[in-house]
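Counting in the numbering used here, the sequence shown tops out at residue 489, every number present. Note that beta-carbon positions come from the ideal geometry of N, C-alpha and C, so glycine has one too.
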Amino acid sequence: MDRIPENCPVDDALGVLVGKWKHMILLYLLQEGTKRFNELKRMMPGITQKMLTKQLRELEDEGIIQRKVYAQVPPKVEYSITEYGRSLEPVLQAMHEWGVKHTMRRDVKQDQIKSS
Numbered sequence: 374m375d376r377i378p379e380n381c382p383v384d385d386a387l388g389v390l391v392g393k394w395k396h397m398i399l400l401y402l403l404q405e406g407t408k409r410f411n412e413l414k415r416m417m418p419g420i421t422q423k424m425l426t427k428q429l430r431e432l433e434d435e436g437i438i439q440r441k442v443y444a445q446v447p448p449k450v451e452y453s454i455t456e457y458g459r460s461l462e463p464v465l466q467a468m469h470e471w472g473v474k475h476t477m478r479r480d481v482k483q484d485q486i487k488s489s
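Encoded structure:
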């Protein structure tokens with residue numbers, strides 16, 4: 374990897390992705406398509422309404438997801454991944470694969486410590 378650390382935009386990328394729930398929101402929208410707010414909330418039982426709103430707004434501000442409001446009563450709002458947001462799919466896949474390997478490695482190390 375031939376990058377100059379102080380000029381590397383990894384901080385920008387992490388700024389978009391970092392958030393306890395952002396990866397889950399993105400994975401649900403990538404895998405299952407358009408969802409309403411309450412559908413997303415039900416899929417993530419531990420998230421508060423305030424936090425879900427915050428994370429969705431941040432992703433929307435970055436152009437990763439789009440929010441569509443329907444003029445009806447009661448109001449209907451749907452969230453979907455944008456084409457630009459779809460470009461994160463291989464990044465999330467790579468992070469998932471690395472996470473699986475890391476978890477396995479950590480578990481092996483913990484087992485070795487316990488058995489010594």
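Take the alpha-carbon of Met424 and the one of Ala467: they are about 26 Å apart.
For Lys449, there is no enclosing alpha helix (DSSP H); the residue is found in the beta strand (DSSP E) stretching over 449 to 454.
In this chain, the beta strand (DSSP E) harbouring Val442 covers 438 to 443. Secondary structure note for Pro382: it is in no alpha helix (DSSP H), with a DSSP letter that is neither H nor E. Pairing Gln483 with Ile454, the inter-Cα distance amounts to about 38 Å. Sequence-distant partners of Glu435 (beyond 5 residues in either direction) whose C-beta falls short of 7 Å from its own C-beta, in its chain, are Val389. Ranked by how close their Cα comes to the Cα of Met397, the residues Pro382, Val481, Pro418, Asn380 have Pro418 in first place. Around the C-beta of Ile486, fewer than 16 other C-beta atoms lie within 10 Å, and the residue is accordingly described as exposed. Within the DSSP bridge table, the entry for Arg409 names Glu451 as partners. Counting along the chain, the unbroken alpha helix (DSSP H) around Ile486 starts and ends at 462 to 488.
With respect to the C-alpha of Leu432, the residue from Leu387, Asp480, Arg376, Glu470 having the closest C-alpha is Leu387. Here DSSP, grouped into helix, strand and coil, assigns Glu435 to coil.
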